[in-house]
Amino acid sequence: MLSALMEEPRPMLRRLVVLMLALAPALLSDVQPRVAAQAQPARNVILITLDGARTQEIFGGLDLEVLRSTLREGETPESTSVYREYWAPTPEERRSKLMPFFWGELMARHGSILGNRAKGSRFGVTNPHRFSYPGYAEILTGAARPAVDSNDPRRNPHTTVLEVLRRELRLPADRVAVFGSWRIFNWIAEHEEGAIVVNAGYEAMEGPAPIPQLSAAQFETLTPWDSVRHDYYTFRLAMAHLAARRPRVLYLALGETDDWAHNRRYDRTLQALALNDRYLRELWTWLQSDPEYRDNTAILITVDHGRGRTPSDWHGHGRDVDGAEETWLAAIGPDWPRRGEWADASDAWASQVAATLSRAAGVDLRAHIPDAGEPILALWK
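Mapping to this note's numbering: the sequence shown position 222 is 222, numbers consecutive.
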């Protein structure tokens with residue numbers, strides 16, 4: 001009797017299995033596209049800014065008219081070391097001489113760049129101020145922020161993408177790190193003080209070697225500017241932290257391209273860009289040599305504002321300077337198939353950088369900062 005009772009459910013069970021198998025294709029066809037559309041690889045992400053680096057030098061290299069405007073009486077362009085090192089007949093040749101790794105390796109083989117208006121690609125800031133803190137606030141929070149209207153050391157009134165990523169990815173503070181040459185990044189980078197690691201300006205730092213040595217040396221090799229240290233220390237401290245703490249999110253904010261320009265030292269401005277190119281080479285080589293970061297890291301490189309277009313205003317920026325709203329964005333990542341310069345493209349803006357960075361890390365920024373700009377989805381196409 002017991003065996004008979006156990007046998008009776010089997011025909012019903014078989015019919016249920018057959019029914020489920022018949023329905024499976026329809027169920028899967030409904031579920032799979034939605035899952036695929038939502039899934040994003042969770043990459044390491046690195047944001048790099050080169051303060052005030054003009055589109056003119058990025059896309060065209062040495063600007064001969066600007067160089068002429070900075071020469072002493074009786075001096076000629078040909079007599080200068082920067083002319084001999086960086087001059088070439090065409091914009092493409094000049095920019096490649098100035099930033100050979102950026103153009104010859106990153107943009108040619110691994111990424112793309114927006115913002116060359118001569119090719120129909122517009123990128124820029126949307127805030128009306130066109131100077132540093134408002135520009136960085138737009139980049140980091142995803143929108144122009146009316147409350148940010150000065151470079152004063154005041155806490156960012158808005159949550160930044162860096163804080164969102166730390167919270168949503170459940171990272172310890174030292175795995176979201178900011179290294180900036182300008183001390184105001186201590187206020188720019190976070191809304192909640194202490195939410196992430198920030199080291200900026202002349203600021204001591206503890207950690208394993210070589211961090212203590214670098215930290216001490218920055219105070220012995222001063223710049224002409226009280227609030228900005230040499231990019232050398234910013235970069236070296238960031239690289240040491242990268243190796244020691246393995247951050248998932250890193251922001252590297254270099255500043256000498258802006259400060260030398262304000263001093264009207266066009267030669268030093270060009271040299272700073274060339275040095276930045278060498279830093280990019282070293283960073284990329286390190287990332288590609290490490291299994292955790294190799295082919296698993298998305299990098300965005302941009303600027304907080306542009307500068308004037310002419311020899312009379314190339315050194316300045318601000319609300320009243322034409323061209324100071326014009327910036328650029330380079331994107332390097334395993335999920336972004338575009339290469340080289342964008343041409344005849346839809347406009348994109350600095351307010352989209354935060355959501356683009358966040359999406360690369362696998363987080364929807366606009367679920368946390370609803371008024372942030374949309375990610376630049378064309379990167380993924």
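Yeah, the Cβ is synthetic: ideal placement off N, Cα and C, and Gly gets one too. Owing to the predicted nature of the structure, the values given are computational and were not obtained by experimental measurement.
In this chain, Val353 is not harboured by any beta strand (DSSP E); it is covered by the alpha helix (DSSP H) spanning Val353 to Ala360.
In the three-state reduction of the DSSP assignment, Leu275 falls in the helix class, which pools H, G and I. One alpha carbon belongs to Leu47, the other to Gly207, and they sit about 22 Å apart. Cβ contact annotation for Ser81 (same chain, cutoff 8 Å, sequence separation greater than five): Asp267, in chain order. Rounded to whole angstroms, the separation of the alpha carbons of Thr257 and Gly52 is 6 Å. For the pair Ala298 and Thr327, the CB atoms are not nearer than the 8 Å cut-off. Residue nearest to Ser227 within the set Leu242, Thr269 and Arg183 is Arg183 (criterion: CA-CA distance). Non-local C-beta neighbours of Gln288 in its own chain, meaning closer than 8 Å and more than five positions away in sequence, comprise Arg294 and Asp295, ordered along the chain. Of the residues Arg338, His191 and Arg166, the one whose Cα lies closest to the Cα of Leu250 is Arg166. Taking C-alpha positions only, Asp364 is separated from Ser358 by approximately 6 Å. Distance from the Cα of Val161 is smallest, within the candidate group Pro370, Leu377 and Ala378, for Pro370.
About 27 Å separates the beta carbon of Gly318 from that of Phe102, a gap too long to meet the 8 Å contact definition. Listed in chain order, the non-local C-beta contacts of Tyr83 below 6 Å within the same chain comprise Pro77, local neighbours out to five positions each way being set aside. For Arg236, the CB contacts under 7 Å within the same chain, skipping 5 residues up- and downstream, are Leu214 in chain order.
By the CB criterion at 8 Å, Leu140 and Ala189 fall inside the cutoff. As summarised for the region 244 to 317, the continuous alpha helix (DSSP H) elements at least 4 residues long and confined to that stretch are 256 to 262 and 266 to 289, given in chain order. Secondary structure of Phe102 (DSSP, three-state): helix.
By the neighbour-count criterion, in which 16 or more other beta carbons inside 10 Å mark a residue as buried, Arg248 falls on the buried side.
Distance from the CA of Arg246 to the CA of Ser112, rounded to the nearest whole angstrom, comes to 26 Å. For the beta strand (DSSP E) assignment, the uninterrupted runs of no fewer than 3 residues enclosed by the region 110 to 153 are, from N- to C-terminal side, 111 to 114. Counting C-beta atoms within 10 angstroms of its own C-beta, Phe219 has fewer than 16 neighbours from the protein chains shown and is therefore classed as exposed. Annotation: Leu71 is outside any beta strand (DSSP E) and is labelled neither H nor E by DSSP. Short of 8 Å from the beta carbon of Gly201, and not among the five residues preceding or following it, lie these beta carbons of its own chain, in chain order: Gly180, Ser181, Trp182, Arg183, Ile184, Phe185, Asn186, Ser227, Val228 and Arg229. By the Cβ criterion, the region 56 to 70 is in contact with the region 306 to 318, since at least three pairs of Cβ atoms, one from each stretch, lie closer than 8 Å. Residues Arg94 and Lys97 of the same chain have their beta carbon placed closer than 6 Å to that of Ala88, with the five preceding and five following residues left out of the count. Per DSSP, reduced to three states, the secondary structure at Leu47 is strand. In this structure, Pro334 sits away from Ala355, with a CB-CB distance that is not shorter than 8 Å.
Straight-line spacing of the CA atoms in Trp225 and His262 works out to 11 Å.
Taking C-alpha positions only, Arg281 is separated from Asn127 by approximately 32 Å. Taken atom to atom, the span from the alpha-carbon of Met99 to that of Ala274 is near 6 Å. Excluding residues up to 5 positions away in sequence, Arg229 and His230 lie with their Cβ nearer than 7 Å to the Cβ of Thr223 in the same chain. Cβ atoms of Gly340 and Ala195 stay farther apart than 8 Å, at about 37 Å. Cβ-Cβ distances below 8 Å link Glu57 to Asp63, Arg95, Leu98, Thr269, Leu270 and Leu273 in the same chain, with the five nearest sequence neighbours on each side left out; the list follows chain order.
The three-state reading of DSSP puts Phe219 in coil, since its state is none of H, G, I, E or B.
Counting only residues of its own chain and dropping the five nearest sequence neighbours on each side, Gln352 has a CB closer than 7 Å to the CB of Gly373, Glu374, Pro375 and Ile376. Under the three-state reduction of DSSP, Trp182 is assigned to strand.
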